[in-house]
Amino acid sequence: MYKRQHHNAVAAVLGALNADILEEAECYFGGGTAITLLLGEYRESVDIDFLCASGSGYRRLREMTHTGTLDALLDKSAGITELRDVRADQYGVRTWLGLDETRIKFEIIREARIDLAGARHPELKVPVLQRSDLYCEKLLANADRHADRSVLSRDIIDLAMMISRWGQIPDKAWEKARAAYGRSVDGAFEKAVQTIRNKEWLLECMRAMAMEQSLAEEILGVFGGPEAQN
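Per my numbering, the sequence shown starts with residue 607, numbered consecutively.
Right under this line is the structure:
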């Protein structure tokens, strides 16, 4: 059982997915929700994102959802309902799921920028991205949206928690991210760090994501503390 109700609903959906099919398709659970669940639920994360870099694997998943449902992938005996028809295109497979009063956005993203690897996780019950690819995907996400204040600096916050609890960003993750986006990844990372070192902004982001305020010191400690005040 998780501490947050929404995360228990996410876990129920993960447990109802056909992990064998996902594994064969090289489709891996990743993104903020995966990281949050792996690192002690430090923030609220409400979506389920899988990533698939295999062309043949993604083709099979699209074929299995062409009816507009997830029937071939999801055991609905646990009371999970599909709130919308599945939509699929070259970029991904998307729908909304419901369990009791909880709504969950579910997406399988066609990852065309980098190769991916992972393995089935004993607690999450589904294939999960290997750690270096979790870092890499976060670097790419930060490069895409670090300047969008509506995102609440979530990517650099996630990276800070990963660095604090797992260690520095692996060289392999940097190399893969730079191969996809060039050195813009580095510049975006530095700008995001500068933004999050504003403690007032960090605390605002943390409140919006239902984070314990005491985590601010852990996050800021990764980047040398808050910015100096003039």
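All C-beta atoms, glycine included, are put in the ideal place defined by N, C-alpha and C.
> How about the segment 634 to 648 and the segment 692 to 704: do they share at least three Cβ pairs that are nearer than 8 Å?
Replying inline: no
> Within this structure, are the beta carbons of E824 and S770 separated by less than 7 Å?
Replying inline: yes
> Under a three-way DSSP split, which group does D792 fall into?
Replying inline: helix
> Going along the chain, which unbroken runs of the alpha helix (DSSP H) with 4 or more residues stay wholly within the segment 749 to 787?
Replying inline: As far as the segment 749 to 787 is concerned, its whole alpha helix (DSSP H) runs of at least 4 residues are 760 to 772 and 777 to 787.
> With contact counted as at least three CB pairs below 8 Å, one residue from each stretch, are the segment 736 to 748 and the segment 760 to 769 in contact?
Replying inline: yes
>> Given a cut-off of 7 Å on the beta-carbon distance, is the pair A631 and G674 in contact?
In response: G674 sits away from A631, with the two beta carbons spaced by 7 Å or more.
>> Between the alpha carbons of N624 and L680, how many angstroms are there, rounded?
In response: 6 Å
> Beta-carbon of D777 versus every beta-carbon of chain D: anything under 7 Å?
Replying inline: The chain inventory of the structure shown lacks chain D, comprising one protein chain alone.
>> Considering only their Cβ atoms, is the gap separating R726 from C658 smaller than 7 Å?
In response: no
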